[in-house]
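Letter by letter, the sequence shown follows residues 47 to 239 in the numbering used here.
Structure record follows, encoded as structure tokens.
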Amino acid sequence: MKLHQAMILVFFGMTASGKSTLAQVCAIKYSAPHYNTDRVRKEMAGLSVTTPRPDAIGRGIYSHELSTKTYDTLLQRAETDLRERKKNLVLLDGSYSTLAERERVRLLAGRLGVDVHFLYCWCSEEETRRRLQLRAEDPTAVSDGRWEIYLHQLHTFEQPLADEIDVLRCNTEAKPEELLAQLAQAGLLPLNA
Numbered sequence: 047m048k049l050h051q052a053m054i055l056v057f058f059g060m061t062a063s064g065k066s067t068l069a070q071v072c073a074i075k076y077s078a079p080h081y082n083t084d085r086v087r088k089e090m091a092g093l094s095v096t097t098p099r100p101d102a103i104g105r106g107i108y109s110h111e112l113s114t115k116t117y118d119t120l121l122q123r124a125e126t127d128l129r130e131r132k133k134n135l136v137l138l139d140g141s142y143s144t145l146a147e148r149e150r151v152r153l154l155a156g157r158l159g160v161d162v163h164f165l166y167c168w169c170s171e172e173e174t175r176r177r178l179q180l181r182a183e184d185p186t187a188v189s190d191g192r193w194e195i196y197l198h199q200l201h202t203f204e205q206p207l208a209d210e211i212d213v214l215r216c217n218t219e220a221k222p223e224e225l226l227a228q229l230a231q232a233g234l235l236p237l238n239a
């Protein structure tokens with residue numbers, strides 16, 4: 047990637063994989079717009095972002111219809127920022143658990159003539175369990191991800207395919223600053239923020 051080239055950077059993975067933490071650190075460091083599915087979904091439902099919604103999988107604010115609208119909204123916001131050239135880097139943050147959802151981002155990037163890269167965030171099951179426990183005790187948590195969702199995703203999440211050459215795997219048990227430095231070394235982010 048040419049560092050002056052506009053880019054969409056997608057942080058994706060299963061619940062508690064560290065995608066939002068890494069995306070937030072990146073957004074701050076690079077002054078980049080960061081669109082998170084948990085926040086957008088709750089805003090669209092007229093809720094405070096910290097309002098717990100432990101709806102059943104596929105129900106309530108996690109219905110297929112609202113999920114589709116949520117991902118549509120992220121794409122619309124990214125397109126607005128990139129078309130108006132407000133920023134050259136836009137961060138999207140959500141599970142993007144299907145190849146079809148990832149393809150929609152690629153289609154937008156192609157239409158806009160910008161680069162797109164996906165960071166598949168993951169961590170060990172033990173770390174996932176620890177993070178979910180901390181989240182359950184945190185009244186300021188935005189995500190409603192919990193253990194039952196993680197178990198569901200183990201069977202339904204479409205792992206990145208070998209031919210998805212724009213996907214980098216990122217073990218988020220490392221410090222976010224170290225991971226961002228690795229991304230800069232790989233040419234996905236400017237070396238100096």
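Ideal placement from N, C-alpha and C gives every residue a C-beta, glycine not left out.
Mind the definition here: the segment 163-172 touches the segment 210-217 only if three or more C-beta pairs lie below 8 Å; say whether that holds. yes
Taking just the CA atoms, how far does V162 sit from K221? 23 Å
Shortest alpha-carbon distance to K75 belongs to which of D184, R87, E223 and P100? E223
Sheet register partners of R152 (DSSP bridge): For R152, which the question treats as bridged, DSSP gives no partner whatsoever.
Three CB pairs or more closer than 8 Å across the segment 149-158 and the segment 92-112: no
Just checking, does the segment 58-67 make contact with the segment 133-142 on the three C-beta pairs under 8 Å criterion? yes
Going along the chain, which residues of its own chain have a beta-carbon closer than 6 Å to the beta-carbon of S36, five neighbours each way excluded? Shown here, the chain extends from 47 to 239; a query on residue 36 therefore has no answer.
In whole angstroms, give me the CA-to-CA distance for L120 and L200. 24 Å
Chain-order list of residues whose beta-carbon lies under 7 Å from that of A230 (same chain, five-residue window excluded): P236 and L237
Measure how close the beta-carbons of V136 and A69 come, nearest whole angstrom, since I'm counting them as under 8 Å. That belief does not hold up - the Cβ atoms of V136 and A69 are roughly 11 Å apart, past 8 Å.
Would DSSP call L229 helix, strand or coil? helix
Less than 8 Å between the beta carbons of W193 and R176, yes or no? no
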